[in-house]
Structure formats: C-alpha cells, structure tokens
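Participant: Numbering (our numbering), first residue to last: 1 to 526.
Using N, Cα and C, we set each Cβ at its ideal position, and we do this for glycine too.
Nothing here was measured: the structure is a model prediction, and the numbers come from that model.
Dumping the structure here so I can ask a few things about it.
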C-alpha cells in the first residue's frame, strides 16, 4: 500500500463518545432488538454471552496485530493510522473482562447488550473490504466557508488556508481508504431508532392519496436534529472543503441494520442523505471483506526482495529507458563490486544468447533468497524520445516535470505516456510531481501517472576501502565480495535476533559458495 493522506487530527476519548451516539448500540437500539428477536443476552447464560464477545474482541485485536506486522514488513507502518481504533478495541476487551467477574444482574446484561464490539467489527470488516487504507476512526477538521478546499495530500491551502481545529467544524470518518479519496462512516442505527428521533420532532406519517409526496418527509428545517442526517451533512461538508489528488473525497454511509423498504418515513431520511451527495449502503447490501490471511503471510526479517520487490515485479514485463540504463552501467562500472556487476549484467541481459530461465538460474546463484520463476528477465531497454511519446501524455505532464534531470524526465514521461507503472525509490521526485499536480483542480484519475514508490532505497555496497595502499605499500588484502556479504549477512541475523527476542532462522545456513570467495580473491590480486 502506498503512503496515504495525513490529516491534521488526533482523535481522543471524546471521539468515542461521539461515535457511541449513532454508530454503536444505543439503549433504544438494544430495546428494539429485544422486542424483535426471540434470543439474545437476556435469555442466554451471561457467562456464555460474555465469552463470545471476549473471543470476538480477541480475534479483532489479533487481526489488527497481524495487519500491523504486515505493514512493518512492507515498510509502511506509518502509512495507516490505526492506533486510536486499536486502543478502542482494547478498552472494549478490558470492559468485557471486568464485566465477566461481576455477578449476573440486569445491569450487567444491559452493558453486554450495549457493547460497542459489533460496531467495531463492522468498521474493521469495512476496512478489510477496501483498498489503500489510510486511517481508521479519524477526526477531520474542515472550514465550512471554503469554496475550493484545503488539499489534504500536499498540505497546500487552495483558498482559505489550513482549517482551524474546532470541534464545531469537525467530523469522524470511520474508514479512510483509496489513498484518502474514499470516506466511510458506519452506523448501527435501526429503523425504530430513526422513528423515535422523528417522533421527538413531532413528525408523523400517513395522509391521503391526494397529499403531496413531500408530506411524508420531515421538515427541511428540522433535518439537522436527526443524528443520521446531521452526520451525513457534516461528512458532505467536510468532503467539499477538502481535496485529495485535486478531487473531493467520496462519502459512504454503511447502515447494516437499516431496512427502509416499505417504510416511507425511513425512505425519506435515506433520500435526504443521498441528496447531500452521500452514498448509502444498508441492510444486506453491506459488502463483505476478503480474508487478510493471504496478505499477511509474507516473509518477515525486513527482506526487501521477497517482501516488496519480487511481488511488485513478477509476472510483469519490465522496461527501462536508455538514459537510466546508461547511468546505471556507469555507476556499477565505477563503484560496483564483482557480484553487483554480475547481477547488473543479468538484469540487463548483456548476453543475448541466454534465455530468461537461464538468467533466473544465474541470478539465483548470486541471491540469498529464492528468485521467482515468473520474474521476466531481462529488462527491456527502450528509447524515451520525448517527441515520439508526446502524443500519449496529458497536457500537464511537461509542466509537472519541468526542471527535472533528463534521466528523471525519460523514466517518468515514458511510464506516464504508456500508462504503465513506474517503480522508483526517488521519493523527492514523486512528492514534487504530486505537489505540482495538486495545484490543478478536478484532474481525472487517468491524468495521474502510475507510480509505485518503494519505501526503502538500497545503494551499491561500493568497493572495499579496508587496508588501502599507502606510499607504494601492498596493504592488507581487502575482503572479497562474497566473504564480506557473508559477514554482513551473519551480523544482520544477530541484530534481528536481538530485536525480535528469539533466534531468527538462517535461510542460508551453509553460507556462500567457497569458490566465490576464491574467485573474488584471485580477481582482486590481478
């Protein structure tokens, strides 16, 4: 997942209170469920009900921990804000634990019935069904007077500056996904709860066939008193005053317990929310999530190749521009070690007589990790003539990349014009591209270049400087490349073992081939 939008907000305990009113089980909702169902906590053994809730809370925490570990593995631990959400789940689990040791009573049953866990589970399931997750339960501050909007991605104000942190002009978004462009709010509000809220306003349904169809909807002036509509209006206002990649975020309300069909008063409320520009998903239409087990089953120990690069590159045709390849050859030739030169030659297919499988087999000899058989080697070198590729570029492309080096222009313009993903670790250039594009308004997604920013950069090892010659002295024999790699590898295992608190498995227990060491030594003495 790529780094997402960072908003100026730090949720606190008060946020939970705001969520509890509409998003969690209120006392009225609990009563609704008791009247409409034949079972529930009131009719079951209290310890059994609490045990079920506790197990579900433990499972939710385990899911969050697995996701956090995955983010750490792919170097994205700071890209998703979930600490507040995890703390809320932990608090819920603690409350259930305290409740379990109390005597069975009506008060205890009421607390169990009004547990916030179903709401938290729905939020997490919604997050798991999304892509490019940014934050969970985030307070968003906005300026209602803004006409163009503060850009939440680049940090640049488009008209009225950064919004002030006022709770009167803020709202909670339960799931921010799609790089910040999708906002989702979850509410477990029920039909009876909405009818109750309407009744407090003195609204009633009914009427003759001759009455205007608008008579079955609440007074527009009173809509703000209905919590669900109030939340929808706040979300819509916030979205209109913020921009992500030049566009306003889309807003969705997830209402799994709401069934408006056949209830004109409920349908009127849903219609009002939709008129504000908010999408409504209710009842059985709520999407289910995909299991995340396959996502988190990824090798740890901070291995860049198996964890990040191989999954990004395998089964994909790889290309690079002439300018970039020439520069790479120059650098490798100047400071590269023997193994780096060998791997470079394999990547670029310097020997055209070798097949892709032969190149993979050779690369395996130089790698401490398994090289995927689906890696499509060699990299194809292409000519990025700007005049030739201009037809495939959007009008803003040349303006955005103005002032960049010829290598950067060739790489990013070629990928942009051919609608292919550019893999890069050049964070500076990527952020500059995003900042310049965010100065425009309402750019279509197709206008943006496809860039996969690798969160970790790796430099060449460089030539060994140990024992350099002085005044004609022979000096100490520098550690050969293979031996130095083995020394670095074992040191890395020791560091990881200390960090993890247990011995980290050695994926290459026999070390490197001794022949490599001898060959490197002989090469260094020539």
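How would you label residue 260, buried or exposed, when you count the other beta carbons within 10 angstroms and need 16 or more for buried?
Facilitator: Buried, since its Cβ has 16 or more Cβ neighbours within 10 Å.
Participant: Quick one: what does DSSP say residue 248 is sitting in, helix, strand or coil?
Facilitator: Coil.
Participant: Considering only residues of the same chain and omitting the five flanking positions on each side of residue 123, which have a CB-CB separation below 6 Å?
Facilitator: Cβ within range, chain order: 174 and 186.
Participant: Are residue 81 and residue 135 touching if we call contact CB-CB under 7 Å?
Facilitator: Contact flag set, yes.
Participant: Which whole-angstrom value is the C-beta distance of residue 342 and residue 366, which I expect to be below 8 Å?
Facilitator: Indeed they touch by this definition, with Cβ atoms about 6 Å apart.
Participant: Anyone know if the C-beta pair for residue 286 and residue 266 falls short of 7 Å?
Facilitator: Contact: no.
Participant: Within a Cβ cutoff of 8 Å, which residues of the same chain sit near residue 323, ignoring the five residues on either side of it in sequence?
Facilitator: Excluding residues within five positions, the ones whose Cβ falls inside 8 Å are 384, 406, 407, 410 and 411.
Participant: Assuming residue 449 and residue 415 make a contact with CB atoms under 8 Å, what is their CB distance in whole Å?
Facilitator: Yes, they are in contact, since the Cβ atoms of residue 449 and residue 415 sit about 6 Å apart, within 8 Å.
Participant: Within the present structure, is the beta-carbon of residue 359 separated from the nearest heavy atom of the ligand NAD by less than 6 Å?
Facilitator: Looking at this structure, you won't find the ligand NAD or any other ligand, since it has none at all.
Participant: Just to confirm my understanding: we take residue 593, look at its own chain, exclude 5 residues before and 5 after, and list those with CB closer than 8 Å. What are they?
Facilitator: Outside the modelled stretch of the chain, which goes from 1 to 526, sits residue 593, for which no answer is possible.
Participant: I'd like to know whether the C-beta atoms of residue 188 and residue 119 end up nearer to each other than 7 Å.
Facilitator: In contact: residue 188 and residue 119 (Cβ atoms closer than 7 Å).
Participant: Strictly by DSSP, which residues pair up with residue 310?
Facilitator: None; residue 310 has no bridge partner.
Participant: Give the straight-line distance between the Cα atoms of residue 53 and residue 47, rounded to the nearest whole angstrom.
Facilitator: Between residue 53 and residue 47, the C-alpha separation is close to 10 Å.
Participant: Please list the segments of the alpha helix (DSSP H) lying wholly inside the stretch 349 to 393, counting only runs of 4 or more residues, in order along the chain.
Facilitator: Here the runs fully enclosed are 356 to 365 and 386 to 389.
Participant: Report the option in 50, 73 and 63 whose CA atom is closest to the CA atom of residue 308.
Facilitator: For the residues 50, 73 and 63, the minimum Cα distance to residue 308 belongs to 73.
Participant: Residue 529: buried (16+ other C-beta within 10 angstroms of its C-beta) or exposed?
Facilitator: This structure cannot speak to residue 529, because the chain is shown only from 1 to 526.
Participant: At a cut of 8 Å, does the stretch 352 to 368 reach the stretch 384 to 402 through at least three beta carbon pairs?
Facilitator: These segments do not touch.
Participant: On the DSSP bridge list, what partners appear for residue 135?
Facilitator: Beta-bridge pairing links residue 135 to 81 and 176.
Participant: Using three-state DSSP, classify residue 198 as helix, strand or coil.
Facilitator: Note: residue 198 maps to helix in three-state DSSP.
Participant: Just mark residue 55 as buried or exposed, buried being the case when its beta carbon has 16 or more other beta carbons within 10 Å.
Facilitator: When all chains shown are included, residue 55 counts as exposed.
Participant: Tell me which residues share the same chain as residue 121 and place their Cβ nearer than 8 Å to its Cβ, disregarding the 5 neighbours each side in the sequence.
Facilitator: Same-chain partners within the cutoff: 56 and 60.
Participant: Evaluate residue 138 with the Cβ neighbour count: other Cβ atoms within 10 Å of its Cβ, from every protein chain shown; 16 or more gives buried, anything less gives exposed.
Facilitator: When all chains shown are included, residue 138 counts as buried.
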